[in-house]
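Please read the structure below before turning to the comments.
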Amino acid sequence: MTSSPDLLERSARTATRLLGPWWNERTRRVLFAVVITAGFVVGLVLGLLQVYDREVLDVGEPRVRVEGLTATVQVTVRNTSEDVAYCPVVAVAALDRDGLDLAKATAAPDLGDARLAPKASTNFVGVLTGISRQDFDEQLSEYAAFVEQENPCP
Amino acid sequence: MVLTPAATERISSLTPTLTPRPKFHVTRKLVGVWKWPLVLLTAVYTINVSDQFLLSSMFPLLKREFGLSDTALGILSGSYLISVTLGTVPFGALADRYSRTRIIAWGTAAWGVTMIFTGLASGFVMLLLGRMVLGLWDPCDNPTSQSLLADYYPVNQRSKVMGIYQMGQLTGFFLLPIGGLMGQAWGWRATFFFFALPAFVVALLSWRLPEPVRGVQERRHQRLESDERAVIPSRFQSIPVVDAYRHILRCRSYTASLVSSAVGSLFFGGIGVWTPTFLIRYHDLDIAEATTALSVVAVGGLVGVLTAGNLADFLTHAGYTSARIGVAGIARLISAPLFMAAFLVGYTPLMLVLLSFGALFLVAAIPPLNAARVDVLHPDLRGRGTSLDAVTQSLASAASPVIYGMIADAADLRTAYMVLIPLAALAGLILMTFALASYRRDEQAVQAMVRQEHAEHVAGLTRSAEPPAETAEAVEAPTPAGPRAEADPAGADESGSEVRDAARGDPLLHIEGLDFSYGPIQVLFGIDMTLPEGGCHALVGRNGVGKTTLLANIGGLLHAQSGRMFFRNQDLVGIPPEQRAKLGITLMAAGQSIFGSLSVRDNLWFGAYPFAGSSSLVGSRLEEVLDVFPALGSRLDQRAGTLSGGEQQMVALGRALVAGPDLLLIDELSLGLAPTVTAELLKVVERIAALGTTILLVEQSIGVALSVADSVFFMDRGRVSELGPATALDADELAHRLLESQQ
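Protein sequences, first through last, are from chains A and B. Just so it is clear: in the first sequence, position 129 is 128 by numbering that gives the first Met the number 0, and no numbers are missing. Just so it is clear: in the second sequence, position 511 is 510 by numbering that gives the first Met the number 0, and no numbers are missing.
Set out below in structure tokens:
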């Protein structure tokens, strides 16, 4: 029984024919070395850039007060910019074990407006409602606060 | 010291025929085999698993940055799982056809590039694309690695190897919190970038791994291979995909294991999702406590993975030929009542303990089952077989949480567990009935196919080496595909009995291509040597040619870099010295090989190591040795180092005799002894040989060698040649040859 080439074999042959004679062990080795080296260097550089590239609006740890099925989440947002004022939209959320929203609300500044002058900090407060008793007991994992829009002030 | 004839006669009670051979068991360590591929492939597995749940731990950060809805996040998760499932089957087919080390190297490198691409995503579409492509690369390692491991490591250590490899999955899960912490500290992009880095390192190392020939371990196991680099064609190398899967599914034990895994996955696929909820609902834990409790349970799984592989190999060596299926089946059967009890009890600590043990037995089934699955698949089908199993398990695991939810909605969560836990028992029952009944036959069928392919390959080589007129016949000879097609399981038993029949006439010790180096200095060069059962065989050669090194390799004190060694058809690769002693190999080292600071009695006791569990047997054998060497009787409490040279050699010989060896390796018996003392010891050696122990005697003294040996091997510059029967050799000629070799 001699078997005819199957789809995999035919695909491999076609690919080899299309790539031409330059696709040999040496070129494969060179290409692999390039991919590995470039990948490692790029990954490392990008990673380090991320480590040192801080968000301009620094969101602190959320502080939570729970009454019944209502959670009031307060968070401090700090503008780390030297010269730009921001008017951010800040949201708070109750997350389940998978990081999905059980409830979400926009937070408002507890004093004054949302304008954050350079190097200034403001407290934002949001109230989370509508979480069922079962979700509250079984699914609620953590509270989170985040900047939805940075919005440099006009 | 003179031995009386009566004393030498008494040796008969110490010979191997009257020596109860203790049960052999394998070491827990992988000994004498190259461990690097296993470490590397486990690392690849860890890396690939680590990203499976990385995305979900980044959900809050992704939502924050891209404003994604929960539906969008669900699509990201789902698309990844679909890609993994789609990618598994093609990678299995590729693993059976092309270089597996290159598949892993390219696949892992591409995985790393895709991680970086994902980290650069500027929106949902790029994230989705990244996850889908990442899912395609993810299965590059599992089917490929299992096929590779089967060819890297001896058949008799396969379960153990699969157990260590399985650790990669658990280690990957443990990396998940690290990803979460990195995301919190440096952002999700940095996490993806940094997780990509080790992928490039392991990809490079995988590229450098040698590609083993498919089926090489099966050929080693059956002592078939002469050139291990020879690729032996098989009909499975290029058969159509459908035919390949048809053949795989025709293997009953494989199909039974596939069904068992699927049924089992329907139960345990949902455990991770629903157990925290169960702990919250029925044990009043908060969510953090429930998650922590579940991670404690994972430790049980870790223990199971590490021990089951060893146990299955141990039992296989002990004679339970289907132990791999048996261990897996029993483990699943035991896990069911443990889980049942865990989800019924109200006392939380007890529940967690039961849950841990349940997890231990549940996970314990995986390594022996993976090994058994590899055993019953032809080496050219293992990638496809493993990938089919992975897809089946993925689909069942994906359906499991939904089934739990449906039953919980209809009744309650505890009822869901009570309904689904019996599936674990059913999975075990399938293994213990269908798989166990056919495993041995399927395994032997694979061995028979490998043997037949090898025979055809060798016949083809012989024909091609013959004159042209006969070569024409060879062209018309059946192609490799033809006759092999008849190598069906039905013929396996017959082939198996042929092997056993052949084994009866096999040599006691068979060495092939043994190379050994002390660091950069090579001492043994491709030693080929066959020692028949019975008689005394001398190995002569000048100082420094490697005689002692060869003996140490046979005894297991040194491990050759390459080559094979079989003792009664038992592959000695990976078997440490103490186990070789239990097999019946005893080494009497050169010179003063006794413990000088210990008493004579203690020295003799060391020889009884193989019977350490039976003090009465040890005592009686010591008495018998003292009958042979009565002079030692009055010196039992004397420090052995204070004895004369001849007496010390008697202690060493007595110690070797206590074990009743099948093969006694004696290094330089006459070293430093007076001729009269040597003559007395030789009488004992002759008597031991006459009563059935095979002796390999290393000697520099040609006179001593020829006076006692039946046949003589000559060693020069790390190579051994057989000179033939001692009676046909001339001592002067041999001495001349020895002197020539020194120049």
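Don't be surprised by glycine CBs; every beta carbon is placed ideally from N, CA and C. What you are looking at is a predicted structure, and each value in this text was computed from that prediction instead of being measured.
Burial state of residue i, where buried means 16 or more other Cβ atoms lie within 10 Å
i	result
R9 (chain A)	exposed
S205 (chain B)	buried
H735 (chain B)	exposed
M405 (chain B)	exposed
F39 (chain A)	buried
E698 (chain B)	buried
D50 (chain B)	buried
Q138 (chain A)	buried
N542 (chain B)	exposed
A395 (chain B)	buried
A155 (chain A)	One cannot answer for residue 155 (chain A) here, as it falls past the ends of chain A, which runs 0 to 153.
W136 (chain B)	buried
I520 (chain B)	exposed
G134 (chain B)	buried
W35 (chain B)	exposed
P117 (chain A)	exposed
Q148 (chain A)	exposed
P87 (chain A)	buried
Same chain only: Cβ atoms within 6 Å of residue i, ignoring 5 sequence neighbours per side
i	result
T274 (chain B)	L293
A363 (chain B)	G303, A307 and A330
M57 (chain B)	G182 and W187
V676 (chain B)	G645
R634 (chain B)	V599
R77 (chain A)	D57 and S120
L147 (chain B)	R99
Those residues which DSSP pairs with residue i across a bridge
i	result
E288 (chain B)	In DSSP, E288 (chain B) forms no bridge with anything.
D97 (chain A)	Looking at the DSSP assignment, D97 (chain A) forms no beta bridge with any residue, so it has no partner.
M528 (chain B)	B:I510
H536 (chain B)	B:L695 and B:S710
E66 (chain A)	A:T69
K103 (chain A)	A:A92
E24 (chain A)	For E24 (chain A), which the question treats as bridged, DSSP gives no partner whatsoever.
D715 (chain B)	B:R718
A143 (chain A)	A:A92
Own chain, CB closer than 7 Å to residue i, minus 5 neighbours either side, in chain order
i	result
W22 (chain A)	T15
D379 (chain B)	D95, R213, S233, F235 and Q236
D500 (chain B)	Per-residue confidence for D500 (chain B) stands at a pLDDT of 38, beneath the threshold of 50, marking its modelled position as unreliable; the derived number appears in the next sentence. Result list for D500 (chain B): empty, nothing under 7 Å.
K546 (chain B)	L538, G540, V697 and M714
A689 (chain B)	none
L248 (chain B)	T254
G490 (chain B)	Residue confidence for G490 (chain B) is low, a pLDDT of 37 falling below 50, so the modelled location carries little weight; the figure read from the coordinates is stated next. Cβ neighbours of G490 (chain B) beyond the five flanking positions: A447.
S706 (chain B)	L681
Distance cut-off 6 Å: residue i Cβ against heavy atoms of the ligand FAD
i	result
L359 (chain B)	Looking at this structure, you won't find the ligand FAD or any other ligand, since it has none at all.
Minimum C-alpha distance to residue i - residue among the options
i	options	result
L61 (chain B)	B:V43, B:K682 and B:T190	B:T190
E744 (chain B)	B:V298, B:A639 and B:T276	Residue numbering for chain B in the displayed model covers 0 to 742; residue 744 (chain B) lies beyond these limits and cannot be assessed.
F338 (chain B)	B:E217, B:P660, B:M417 and B:L257	B:M417
Q49 (chain A)	B:L557, B:I115, B:S82 and B:Q156	B:I115
L284 (chain B)	B:L351, B:M564, B:P336 and B:L733	B:L351
L47 (chain A)	B:R63, B:W136, B:L80 and B:G118	B:G118
Y319 (chain B)	B:N155, B:S596, B:G134 and B:P59	B:N155
Q73 (chain A)	A:G19, A:V29, A:G67 and A:A90	A:A90
G717 (chain B)	B:G525, B:R563, B:A658 and B:P575	B:G525
M564 (chain B)	B:K581, B:I510 and B:T548	B:I510
A109 (chain B)	A:I35, A:S80 and A:Q148	A:I35
G325 (chain B)	B:L148, B:L435, B:A335 and B:L343	B:L435
T347 (chain B)	B:P336, B:D312, B:V296 and B:V390	B:V296
S355 (chain B)	B:P367, B:P336, B:A370 and B:A371	B:P336
N369 (chain B)	B:L359, B:S386 and B:G357	B:S386
R101 (chain B)	B:L203, B:I429 and B:G606	B:L203
L749 (chain B)	B:G162, B:F123 and B:A639	Residue 749 (chain B) lies beyond the residue range present for chain B, which begins at 0 and ends at 742; the question has no answer from this structure.
8 Å CB neighbourhood of residue i in its chain, flanking five on each side removed
i	result
T13 (chain A)	none
H536 (chain B)	L530, T693, I694, L695, L696, A708, D709, S710, V711 and F712
A198 (chain B)	I46, T107, A108, W110, G111 and M114
Chain-ordered chain C contacts of residue i [CB-CB under 8 Å]
i	result
R96 (chain A)	In summary, chain C is missing from the structure at hand, where the protein chains are A and B.
Enumerate, from N- to C-terminal direction, the unbroken alpha helix (DSSP H) stretches of 4 or more residues contained entirely within the segment 275-357 of chain B. The segment 275-357 of chain B contains these whole alpha helix (DSSP H) runs: 286-316 and 322-341.
Residue ranges of each alpha helix (DSSP H) run of no fewer than 4 residues wholly in the segment 671-695 of chain B, ordered along the chain? Runs of the alpha helix (DSSP H) inside the segment 671-695 of chain B: 674-689.
Ignoring anything shorter than 4 residues, give me the alpha helix (DSSP H) runs that lie fully in the segment 165-190 of chain B, in order along the chain. Qualifying alpha helix (DSSP H) stretches, in chain order: 175-185.
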